[in-house]
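Chemist:
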Amino acid sequence: MQFYIETVGCQMNVLDSELVYSGLRRSGLEPATHREDADVILFNTCSIRQHAEDKIYSALGRLKHWKTHKPFGVLGVIGCMAQKDQKMIFQRAPHVDLVLGPGQLELLPETIHQLLDEKLQLRYENQEAVTGKKLLVSLKRLEHRHTEVVESFRLFNPVRNPESRTNRFQAMVRIMFGCNQFCTYCIVPSVRGPEQSRPPQEILDEIRTLVRQGVIEITLIGQTVNSYRYKSNGKTTRLSDLLYEASEIEGLGRLCFVTNYPRGMNDELLQAVRDLPKVSKHLHIPAQSGSDSVLRRMRRNYTAAEYRELIDRIGSTIPDASITCDLIVGFCGETEEEFGATVELVRYGRFKNSFIFKYSERPGTKSAELFSDDIPESVKKTRNNILLEIQDNISLEQNRRFIGRTVEILVEGVSKRFETGGVQLSGRTLCDRIVVFDAPDDRLIGQFLKQNIVEAAPFTLFAR
Ligand code: SAH
Ligand code: SF4
Ligand code: F3S
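To convert, note that position 67 of the sequence shown is 47 in the working numbering; the numbers rise steadily by one, no gaps.
#1: Would you say F398 touches ligand 1, meaning its beta carbon is less than 7 Å from a heavy atom?
#2: Short of 8 Å in beta carbon distance, which residues of its chain neighbour P179, apart from the five on each side in sequence? Order them along the chain.
#3: Looking at ligand 3, does it come within less than 7 Å of R172, judged from the CB to the closest heavy atom?
#4: With the cut-off set at 8 Å, would you say E392 and T409 are in Cβ contact?
#5: May I ask which residues mark the beginning and end of the beta strand (DSSP E) holding T409?
#6: Just the C-alpha distance for Y328 and S207, rounded to the nearest angstrom, thanks.
#7: Please confirm whether any heavy atom of ligand 3 lies closer than 7 Å to the CB of V0.
#8: Quick one: using the 10 Å Cβ neighbour count with 16 as the cut-off for buried, is M61 buried or exposed?
#9: Can you give me the Cβ contacts of D306 inside the same chain, cut-off strictly under 6 Å, excluding the 5 residues immediately before and after it?
#10: Between the C-alpha atoms of L232 and N141, what's the straight-line distance to the nearest angstrom?
#11: To the nearest whole angstrom, what separates the beta carbons of V274 and R363, a pair I think is in contact under 8 Å?
#12: Return the bridge partner residues of F23 from the DSSP annotation.
#13: With hydrogens ignored, establish whether the beta-carbon of Y224 is closer than 7 Å to any heavy atom of ligand 2.
#14: Can you look up L223 in the DSSP assignment and give me helix, strand or coil?
#15: Alpha carbon to alpha carbon, what distance is there between A419 and T400?
#16: Just tell me which of E98, G270, S27, T199 has its CA closest to the CA of M152.
#17: Given the structure, does T204 come close to ligand 2, in the sense that its CB is under 7 Å from one of the ligand's heavy atoms?
#18: Is N(-7) close to ligand 3? I mean its beta-carbon at under 7 Å from any heavy atom of the ligand.
#19: Can you tell which of A443, I425, R423, L367 has its C-alpha closest to the C-alpha of G384?
#20: When you compare only the Cα positions, how much space is there between S395 and I425?
Right under this line is the structure:
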């Protein structure tokens, strides 16, 4: 029996898919090279914006023909949209067999085998492949007691299997699950559940295992990774403590972490980033908006001035740091002045780059309940383009400052193969800048190299 996983969404999903892959392999299933050949197709889904969901529903629709060819196959929807839409998925896509949320991944292999067995039984009995559908999701937040909700989001940390990763040298380690912020526009807290930090010993052991498997660069992940906090025996471990301890691990070359909530960027964390040579000097700190009134409507719990003060503090503590940002344009009621404040923040922040999103109303969130999604799509688009253009110019200016400098990079992979036989390799600096250069072959992948920068584009440095 063969399986295939299709993944969209953020790093949480990428890591979950890796873990699901390992779990399914251990349960005896084989990975399929082509989706159509698989007996089990899974969609690991994202609900962050409407567009992400629309794409999944239409992809599911296109799999109707697969189901006619393989009536005894299993089509499953896992991830955030599974938790959000639940049985509605069966209504919109009746050929789906399984809907399983991010808090139930541990149960995925046995559930798939149950479904396959039931279908096999029907096949022996010469019956139609109509089996019971399976819906496994966590409790809805705010509708149940907190402890029950926490329990219903079961953590999933299986043994790491190098075969499941596309890159041998890089791996992610989850240090916390869920989110407690409840920004008004955001679906994540309801689909990923309450914040839960993993015990530090477990995290450090996992990093050691990965390093033994040949991993050089580890990225610690969490929706608000800098809120990491684990209390045990009267001692509290925070992200900065984890960075110090993980840095000691021999063989580990580089340590990154994403994504940060502005309010938790305390001095201990900034000093750890500055002082630990293995820790990446790149900080992803979404601002979302530069306008106080919008930030208030978004319930972000900081002002634009506080965010600017943070940028200044980073600049004076870690002079070679790079900052990246997420911004939302066209949030409910966003006026030209409010948008102008975001433009100003982007100019002030001089971010390495920014991820800019058009506001997308998510049913079930506070902003959907309280405000009207009243900014026309065309205005959202214009604001998006304005910010993109400003950011592109800043990114280019920032990158140009590297021309003539020598930087150390970790070579990550091949970005191009030339017909003549050579390759273009790509790597990253400690401040997360992409550097590409030509090489005769791919043997340098996984190594640290010094490179001279000769040219710059907004997202790429060129080296010789
Ligand atoms: N936990 C992360 C964000 C995860 S979602 C953080 O707070 O930094 C990634 C980004 O998607 C967010 O930073 C935000 O910019 C964007 N986003 C979230 N909800 C959105 C929505 N409803 N519409 C548009 N963009 C959204
Ligand atoms: Fe969403 Fe805000 Fe949590 Fe980020 S911090 S995941 S934007 S609720
Ligand atoms: Fe999407 Fe879920 Fe991540 S909604 S952004 S995949 S946590």
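The beta carbon of each residue, even a glycine, is placed where N, CA and C say it ideally should be.
Modeler: Concretely, from the data shown:
#1: no
#2: Y210, S212
#3: yes
#4: no
#5: 403 to 409
#6: 26 Å
#7: no
#8: buried
#9: P266, F335
#10: 17 Å
#11: Contact flag wrong, Cβ pair sits at about 12 Å.
#12: E(-14), V57
#13: no
#14: helix
#15: 12 Å
#16: T199
#17: yes
#18: yes
#19: A443
#20: 11 Å
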